[in-house]
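To start, the structure itself, in structure tokens.
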Amino acid sequence: MIEKQAVGEKAAQFVEDGMIVGLGTGSTAYYTIVKLGERVKNGLNIKAVPTSQKTEELARKLGIPIVTLADVEYIDIAIDGADEVDSELSLIKGGGGALLREKMIAYAAKRFIVIADSKKIVKTLGAFPLPVEVIRFGWEMTAKHIRSAGCVPQLRLLDDHTPFITDNGNYILDCHFSEIENPAELEKQLIRIPGVVESGLFVGMTEEVITVQNQDVHIIKK
Ligand code: 5RP
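Note that the working numbering has the sequence shown beginning at 31, numbered continuously upward.
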């Protein structure tokens, strides 16, 4: 079994009857969602809040009941992938462009489980370009301000060279830092810039990461 499948399916085991579940986005979360779809077919009673239109489509196809943030007081458990996880369990997310909804849903969750194959575990964040969601208006100016945080921001483009548009109608700037020494400080610095909607830095949001070590599924806890 590939690592993404192993960690994705492991996380699905933590979901219990009656829970409101935040469903992540990406190729690792895919395996959690498929497993939950199987369990729902076998009688598991859950309601899910998806972090993207793509995830919503998949969940609906699998028969998982969908609700929105407006329908719930809180989320019992959110399960999502990551692009990088450091030793403090700070994350870079947003490789799939869903970082804003992912962060809102993780924040609303009592428990946020991250699923990450072994390649995602790093000492220091930053080799993966940090996705930052910005509004389209004046994005060039926003990019200049972000550049002063010490990175090279690049507008995310699709294969046909048109800009990638998020589910929220915004652009993504992929910001090349190479090393992020202080993720908490950078997160604060970025969110202060007008035009920035949210950054893909998730600091202090999770206390458990399911990964693979020495070919075994392993849970890193804070
Ligand atoms: C999407 C994300 C994903 O969780 C992250 O990009 C990891 O994706 P994958 O599981 O496909 O490697 O943040 O916005």
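Yeah, the Cβ is synthetic: ideal placement off N, Cα and C, and Gly gets one too.
Of the other Cβ atoms in all chains shown, 16 or more fall within 10 Å of the Cβ of residue 186; this residue is therefore buried. In this structure residue 162 is in contact with residue 226, their Cβ atoms being roughly 6 angstroms apart against a cut-off of 8 angstroms.
Considering only 167, 169, 152, 228, the residue with the shortest C-alpha distance to residue 131 is 228. At least one heavy atom of the ligand 5RP sits closer than 7 angstroms to the Cβ of residue 129. By the Cβ test, the segment 173 to 190 is not in contact with the segment 82 to 91, since fewer than three Cβ pairs between them sit closer than 8 angstroms. Boundaries of the beta strand (DSSP E) around residue 53: 50 to 53. At a Cβ-Cβ threshold of 8 angstroms, residue 183 and residue 155 do not count as neighbours. Counting only the Cα atoms, residue 37 lies some 34 angstroms from residue 192.
Under the three-state reduction of DSSP output, residue 38 falls in the helix class.
Annotation: the continuous beta strand (DSSP E) that includes residue 238 extends over 238 to 243.
A contact is defined here as three or more CB-CB pairs under 8 angstroms, and the segment 139 to 157 meets this definition with respect to the segment 110 to 117. With a 10 Å radius around the Cβ and a threshold of 16 neighbouring Cβ atoms, residue 148 comes out exposed. Between residue 70 and residue 76, the C-beta gap is smaller than 8 angstroms, which places the two residues in contact. Proximity of the beta carbon of residue 132 to the ligand 5RP is indicated: a heavy atom of the ligand is located closer than 7 angstroms. In this structure, the straight-line span from the alpha carbon of residue 199 to that of residue 222 is close to 20 angstroms. If you look at residue 84, you'll find it in the alpha helix (DSSP H) that goes 83 to 91. In this structure, residue 143 lies near residue 44, with their beta-carbon atoms less than 8 angstroms apart.
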